[in-house]
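Chains as they are written, first to last, in this note's numbering: chain A, 116 to 292; chain B, 21 to 122.
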Amino acid sequence: MGEKTLIKNLKKKKEDAYIELVNLYGNKLLKTLYLMIKDEKEAEDIVQETFIRVFKYIDGFKGDSSIYTWIYRIAQNIAKDRLSSRMATVHYEDMEIEPEYVEDTLIGKIDREILREQLNNLKFIYKQVIVLFYFEELSIKEISEILDEKEGTVKSKLSRGRDLLRKALEKGGRFNG
Amino acid sequence: MDNKDKLGLELKSIMDEDTRNINLSPSTIDKILGYRRKRLRERIIDFLNKEIEIPLAPAIIGLAGLLIITSVPKDIFNSQNIKIIDIGSSQVIVREKEVAKR
Chain A
116 MGEKTLIKNL KKKKEDAYIE LVNLYGNKLL KTLYLMIKDE KEAEDIVQET
166 FIRVFKYIDG FKGDSSIYTW IYRIAQNIAK DRLSSRMATV HYEDMEIEPE
216 YVEDTLIGKI DREILREQLN NLKFIYKQVI VLFYFEELSI KEISEILDEK
266 EGTVKSKLSR GRDLLRKALE KGGRFNG
Chain B
21 MDNKDKLGLE LKSIMDEDTR NINLSPSTID KILGYRRKRL RERIIDFLNK
71 EIEIPLAPAI IGLAGLLIIT SVPKDIFNSQ NIKIIDIGSS QVIVREKEVA
121 KR
């Protein structure tokens, strides 16, 4: 079933379409949320709430983005509401936006365990874009649509997150990210 | 921005590894889909709100046929002759029908 047909059938409230949507994106969304919040139960609750909202508001989906992006946007909003305490507020308007990606200077062997640990310790706002960019392989434009932020802001968060990871790897220890 | 550089590939690999065994539980899938299973009340509302497409030409022909059937007297083709004979306060109705000739 193509995406257009899937959306059409979802709007017609066809049971098969609901099942297909959950099969297509359920696990993917769960994995992404798990990587961001590191709490499987919480991630599963968010996925559940997300799909219930998707089914409820599918008639309002106009197709401006892919359904996948739309689902993630809903999930992000739910996650934001539920986990507001975990998210730090940073004013990106004041942050210097790097015009281009800073060359990766990380040379040599990457200590995988240190990187895993630092990734888990990274602040939510950085981890969020890193997961969407590297794990979901979404474009900057798609991430900016999901997070409802400017592309420059997303690039800044990504660069900052990478810098924090790189510095921690260079030092081989903890960082204050 | 490239997500296929060394750090990017390493991050992707770690994240794949960390989520290898993360899957939606059957109970969560049931809850999600159970929400959508329609209740009787919802089905009735859906039925009442359903748009019914009726082809115009057959509908007009059908309606015209129905009107003709209901408006034309049933006994229009009957050739029976009725006579009413008044006898005092009583009436005798005599129906004459053609009898098939042998």
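Idealized CB from N, CA, C, for every residue including glycine.
Pair within 8 Å by beta-carbon distance, residue i and residue j
i      : j      : result
A:Y133 : A:F176 : no
A:L139 : A:A158 : no
A:E155 : B:I42  : yes
B:I74  : A:G141 : no
A:L280 : B:L44  : no
A:R227 : B:E30  : yes
A:L121 : A:E130 : no
B:I113 : B:I104 : yes
From the options, residue whose alpha carbon lies closest to that of residue i
i      : options                        : result
B:R115 : B:P78, B:I72, B:I102, B:I34    : B:I102
A:N235 : A:V137, A:K123, A:M151         : A:M151
A:A194 : A:I182, A:E232, A:K153, A:K123 : A:K153
A:Q191 : A:A283, A:V162, A:Q233         : A:V162
A:D160 : B:S110, B:K51, B:V92           : B:K51
Local conformation of residue i per DSSP, three classes
i      : result
B:I72  : coil
B:D106 : strand
B:I42  : coil
B:V114 : strand
A:P214 : With a pLDDT of only 43 at A:P214, under 50, the local geometry of the prediction cannot be trusted, and the value read off the model is given with reservation. Coil.
Residues near residue i by beta carbon distance below 7 Å, same chain, minus five either side
i      : result
A:V269 : V244, I255, I258, S259, L262
A:V217 : The predicted position of A:V217 is uncertain, since its pLDDT is 45 and thus under 50; no value can be drawn from it.
A:I173 : L125, K126
A:L253 : L247
A:K272 : I240, Y241, V244
A:S180 : E260
A:K265 : S259
A:M210 : Note that A:M210 has pLDDT 48, beneath the 50 cutoff, so the model's placement of it is unreliable and the number below is only indicative. Excluding residues within five positions, the ones whose Cβ falls inside 7 Å are S271.
A:L230 : L280, L284
B:A84  : none
Between the CA atoms of residue j and residue i - distance to the nearest angstrom
i      : j      : result
B:Y55  : A:K119 : 23 Å
A:F250 : A:K127 : 33 Å
A:L148 : B:E71  : 40 Å
A:K143 : B:K24  : 20 Å
A:G117 : B:S33  : 29 Å
A:V137 : A:K286 : 42 Å
A:R197 : B:T39  : 22 Å
B:I89  : B:G82  : 11 Å
A:A283 : B:I65  : 60 Å
A:I167 : A:Q233 : 34 Å
A:G178 : B:N69  : 25 Å
A:K238 : B:E37  : 21 Å
A:I186 : B:A77  : 44 Å
A:T220 : A:Y183 : With a pLDDT of 48 at A:T220, under the threshold of 50, the predicted position of this residue should be treated as unreliable, and no value is reported.
B:L109 : B:P93  : Sequence check: residue 109 of chain B is Ser here, not Leu. Spanning the two alpha carbons is a distance of roughly 30 Å.
B:S91  : B:F67  : 33 Å
A:K123 : B:S47  : 27 Å
B:L53  : B:R63  : 16 Å
Close Cβ partners of residue i (< 6 Å) along its chain, the five nearest in sequence each way excluded
i      : result
A:R188 : I261
B:M35  : none
A:S199 : none
Beta-carbon contacts of residue i that lie in its chain and below 8 Å, excluding the five residues immediately before and after
i      : result
B:A79  : none
B:Q111 : I104, I105
B:L128 : Nothing can be reported for residue 128 of chain B: it is not among the residues displayed for chain B, which extend from 21 to 122.
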